[in-house]
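Chains as they are written, first to last, in my numbering: chain V, 10 to 437; chain H, 10 to 437.
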């Protein structure tokens with residue numbers, strides 16, 4: 010049997026402990042599958058005294074993750090601390106400088122520093138793998154980097170934040186307002202310390218930017234992701250969208266268009282009967298589209314100790330087997346600087362507004378839409394008890410600019426109460 | 010840039026030509042992703058004169074695939090001829106003896122000879138990869154062998170024959186009998202020359218046996234797959250199952266139980282709302298379950314030139330990148346000889362029978378079920394115009410043996426007309 014592969018694990022939260030447990034429980038299985046023992050040399054975490062549900066007594070304890078990352082008896086630095094900068098970034102850089110391979114679950118760090126780290130690692134012949142950083146246990150980085158590597162990727166989509174999907178599906182099933190379910194989720198411990206990472210779409214945006222880099226051979230461009238959270242989604246919109254055959258998802262979409270690289274993480278309507286529309290609760294789903302393979306859909310747990318540790322181990326095993334793949338699927342120095350699309354691809358939109366109950370009101374709305382070049386696919390006006398009526402419109406394909414312009418003009422007609430709501434409909 | 014990787018492609022049907030086209034179209038992309046050019050040295054097929062939709066003029070033509078497989082200028086033998094034995098097997102053995110790596114889409118050959126071929130290749134330090142042999146474009150071999158390699162796999166399930174799924178969903182949507190849709194499928198060219206490969210579950214059984222070998226670290230045991238085709242599924246059962254909230258799928262299930270390795274490819278009921286239940290038409294779906302990752306669902310095109318060629322290229326790229334993974338995820342000489350489970354795991358069953366319209370008829374049925382230790386979860390009797398009434402029963406968990414025994418006894422009561430139909434309900 011070959012030399013053991015020796016790990017240094019920094020960060021002993023749920024994922025770190027989950028990883029330790031797999032290595033302990035499946036030592037024999039892992040050795041059979043990789044041809045060599047996988048060992049833990051040393052670990053580190055902020056609080057040594059914390060009670061952890063695993064026996065760590067046979068591993069060296071390092072207070073300083075930088076020291077851990079540079080130990081002679083560590084071949085692979087496993088970074089499970091999190092955070093874009095700070096200790097995780099310092100230790101990862103130190104590991105690379107010391108000639109270690111790196112496995113990380115840190116989407117924020119890679120979204121901000123992925124290109125630099127990859128270039129540094131590759132210059133020394135070392136690898137950075139990050140399956141656990143995107144969609145938990147779903148082997149989507151592997152599917153995209155390896156399984157679909159014979160394809161020109163045309164689009165990557167996904168529901169990649171389980172908390173947001175939980176909130177949206179819970180709003181629908183329980184008929185509750187956003188604020189109520191947000192509070193529920195907070196009490197259940199589903200939200201990050203800074204909830205905006207979840208509900209603002211930032212966490213999912215980090216993941217999308219990493220997949221986009223692999224898919225399109227471009228440098229990670231998280232700053233160019235158009236981000237919109239789920240805070241403005243009302244129970245009314247969820248109900249009305251359902252009436253029209255749709256569900257609302259916080260959907261990430263990355264595609265290369267004639268106008269450049271389009272990356273957005275925003276609420277979208279998807280057909281209720283589609284795999285994305287059928288995705289309930291905290292589960293994640295990623296849709297990959299390639300010129301040969303067509304559409305591949307991957308579904309699974311996007312978080313949690315077991316699924317995320319499973320993804321960490323997938324990377325460790327890849328390294329143990331001697332597979333050495335560039336971080337983003339091609340050498341970092343061949344990744345193109347992406348041109349961010351200034352305008353998003355046209356799409357149908359869902360429009361909801363409250364119309365005053367006056368003769369000619371609908372005509373005024375239709376006139377403005379027509380003037381903006383927006384044509385109507387379907388329209389529905391609801392019965393009402395008071396002086397205003399909800400009106401739903403599904404448009405044919407149009408631009409975000411046209412919709413925004415129309416939405417700004419509509420209140421000026423005097424027949425539209427409040428702000429119209431416009432949500433993109435993604436064809437899946 | 011490193012040395013080119015040189016292919017010899019045997020078999021120029023839709024998948025072979027699809028593979029040639031990807032290599033021609035994406036030469037630059039493939040070189041960027043693998044770090045080396047991927048070239049075709051030579052090709053072979055039965056009929057040189059056949060008009061093919063690709064320019065093959067720059068490749069050497071070999072009449073004999075064995076000669077192709079052993080050429081000095083071939084690093085990887087790409088076997089896309091098909092057939093368990095004959096030319097494909099001869100050429101693959103010749104390639105291995107000549108020290109070539111092998112990429113194949115040939116599920117039948119691997120189901121019958123996979124272990125021998127893997128052992129021979131590995132003894133020489135060479136690899137056999139077969140992503141295209143299972144579920145077309147879905148990267149399921151990679152997901153199982155690599156993505157979930159940190160898990161003890163608990164169950165593998167899948168709809169892996171698009172033709173059968175097309176037939177079953179078309180029966181439901183059009184309300185047609187099996188024979189009618191079978192004839193439609195034949196005329197559309199969806200069926201193999203020997204249709205029993207499709208509708209008898211053999212093709213899908215081949216695929217299941219390959220996944221089971223990876224999942225459970227056992228030698229391929231296709232002969233131990235319990236095979237049952239879709240020929241006995243009636244439109245009545247499809248409709249009645251739908252009434253009870255189920256859909257009927259030709260479902261492969263492999264799991265390691267206390268009784269041994271259970272492998273079956275047979276019609277099952279699955280909840281209509283589950284991902285498997287929602288799978289319509291010719292699409293494939295594979296469900297992988299592991300002790301850490303939970304459940305992962307993969308969905309995509311299971312056949313066709315583009316998807317299957319995409320899978321072939323995934324293997325070629327893996328080899329070009331220098332990843333060398335054992336055929337079944339661990340060395341062939343470590344694969345255990347599986348003990349086939351003699352009895353399948355208990356499950357709920359769906360029972361349909363025609364009951365004569367006599368007092369006490371249902372009591373007689375219930376008595377027999379009770380005597381066989383089968384308890385009833387739900388029962389439904391339909392209104393009827395003639396002298397018999399359809400009765401549906403969903404049982405609690407019981408054994409296949411108990412169900413079969415009861416089904417044999419029921420006609421003897423004199424109140425059950427014809428043969429009762431019993432179909433397993435798989436919990437997904």
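Just so it is clear, CB atoms sit at the ideal spot from N, CA and C, and this is done for glycine as well.
In the same chain as residue 79/V, and ignoring 5 residues on each side of it, the C-beta atoms closer than 6 Å to its own belong to 103, 107, in chain order. For residue 31/V, the chain H residues whose Cβ falls inside 7 Å of its Cβ are 159, 301, in order along the chain.
Taking all protein chains shown into account, residue 363/H has 16 or more neighbouring C-beta atoms within 10 Å of its C-beta and is therefore buried.
Shown here, residue 169/H sits in coil according to DSSP, grouped into three states, outside any helix or strand. Beyond the five residues adjoining it in sequence on each side, residue 315/V comes within less than 8 Å, by CB distance, of 27, 146 in the same chain, given in chain order. Taking a beta-carbon distance threshold of 7 Å, residue 67/H does not count as an interface residue toward chain V. Look at residue 147/H here: in three-state DSSP terms it is coil, with no helix or strand label.
Per DSSP, the continuous beta strand (DSSP E) segment holding residue 258/H begins and ends at 255 to 266. In the DSSP assignment, no residue is bridged to residue 195/H.
Taking each of 392/H, 394/H, 415/H, 214/H in turn and checking the Cα distance to residue 169/H, the smallest one comes out for 214/H.
Under the DSSP assignment, residue 386/H falls in the beta strand (DSSP E) whose first and last residues are 385 to 390.
Nearest neighbour of residue 303/V by Cα position, chosen from 301/H, 299/H, 312/H, 304/H, turns out to be 312/H. For the pair residue 85/H and residue 328/H, the CB atoms are nearer than the 7 Å cut-off. Annotation note: the region 106 to 147 of chain V contains the following uninterrupted beta strand (DSSP E) runs of length 3 or greater, listed N- to C-terminal: 110 to 113. Beta-bridge analysis with DSSP links residue 345/H to 227/H. By the Cβ test, the region 163 to 183 of chain H is not in contact with the region 346 to 356 of chain H, since fewer than three Cβ pairs between them sit closer than 8 Å.
As the crow flies, the alpha-carbon of residue 160/V is around 27 Å from that of residue 118/H.
For residue 334/H, the chain V residues whose C-beta falls within less than 8 Å of its own C-beta are 330, 332, listed in chain order. Put simply, the backbone Cα of residue 341/V is about 37 Å away from that of residue 358/V. Scanning chain H for C-beta atoms nearer than 8 Å to the C-beta of residue 361/V yields nothing, as the closest lies near 28 Å away.
Residue 142/V and residue 240/V have their alpha carbons spaced roughly 24 Å apart. In this structure, the straight-line span from the alpha carbon of residue 390/V to that of residue 423/H is close to 59 Å. Flagged as an interface residue toward chain H: residue 322/V, by a C-beta distance shorter than 7 Å. Contact between residue 111/V and residue 137/V holds: CB atoms are separated by about 4 Å, below the 8 Å threshold.
Per the coordinates, the alpha-carbon of residue 124/H lies some 19 Å from the alpha-carbon of residue 149/H. Residue 436/V and residue 231/H have their C-alpha atoms some 41 Å from each other.
Between residue 194/V and residue 211/V, the C-beta spacing is not below 7 Å.
Sequence-ordered contacts of the region 128 to 155 of chain H with chain V read 140, 146, 147, 148, 151, 152, 155 [C-beta pairs closer than 8 Å]. One Cα belongs to residue 227/H, the other to residue 344/H, and the distance between them is close to 5 Å. Of 270/V, 369/V, 337/V, the smallest CA-CA separation from residue 349/V is found for 270/V. Using a CB distance below 9 Å, the part of the region 30 to 50 of chain V facing chain H consists of 30, 31, 32, 34, 35, 38, 39, 41, 42, 43, 44, ordered along the chain.
Rounded to whole angstroms, the separation of the alpha carbons of residue 174/V and residue 291/V is 6 Å. Per the coordinates, the alpha-carbon of residue 24/H lies some 16 Å from the alpha-carbon of residue 157/V. Residue state for residue 31/H is assigned as helix, using DSSP reduced to three classes.
As the crow flies, the alpha-carbon of residue 65/H is around 60 Å from that of residue 73/V.
Taking a 10 Å sphere around the C-beta of residue 81/H, we find fewer than 16 other C-beta atoms and assign the residue as exposed.
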